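What follows is a single structure, written as structure tokens, with notes after it.
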């Protein structure tokens with residue numbers, strides 16, 4: 001079933017790329033800042049949970065120790081960002097709105113962490129797809 005695992009990982013990667021390149025950028029062009037923030041606060045936790053669950057399901061279907069371990073790592077990172085990083089980002093954003101001058105640095109730093117983790121996961125998913133398809 002490595003082929004099905006590769007299909008799931010590919011779908012997840014495609015969704016991540018679409019969300020990062022299209023949705024996250026478009027939301028600020030179409031919605032006012034408050035509505036955009038509200039939308040992203042609603043969608044981001046779901047984004048991380050869904051992609052984390054897909055990674056876990058793909059890990060089970062991979063039937064290969066290395067690929068499964070890498071997918072479990074991806075899932076753990078996704079859930080970790082959802083559970084720990086996103087709440088810190090939201091708290092920092094709330095503090096920014098109330099005038100806390102130091103909150104912007106916290107927001108920027110933790111937002112950067114979430115972006116770097118997301119990019120690292122995308123690279124890891126590309127590697128996993130390669131391993132599942134070409135390293136039989």
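Numbering (my numbering), first residue to last: 1 to 136.
Beta carbons: idealized from backbone N, C-alpha and C, even for Gly.
Since the structure is predicted, the reported quantities are computational estimates derived from the model, not experimental observations.
Residues of its chain near residue i, where Cβ-Cβ distance is below 8 Å and the 5 sequence neighbours each way are ignored
i: residue 166; result: Given that the chain is displayed from residue 1 to residue 136, the structure contains no residue 166 and the question cannot be resolved.
i: residue 71; result: 5, 9, 55, 56, 58, 59, 62, 128
Beta-carbon proximity check, residue i vs residue j, cutoff 8 Å
i: residue 66; j: residue 131; result: yes
i: residue 89; j: residue 48; result: no
i: residue 92; j: residue 110; result: yes
Neighbourhood of residue i by C-beta distance below 6 Å, restricted to the same chain and skipping five residues each side
i: residue 27; result: 36, 39
i: residue 16; result: 122
i: residue 106; result: 92
Segment limits, alpha helix (DSSP H) that includes residue i
i: residue 122; result: 103–134
i: residue 20; result: That residue, residue 20, is in no alpha helix (DSSP H); it is neither H nor E in DSSP.
i: residue 78; result: 65–80
Local conformation of residue i per DSSP, three classes
i: residue 163; result: Look at the range of the chain in this structure, 1 to 136, and you will see that residue 163 is not part of it.
i: residue 99; result: coil
i: residue 31; result: coil
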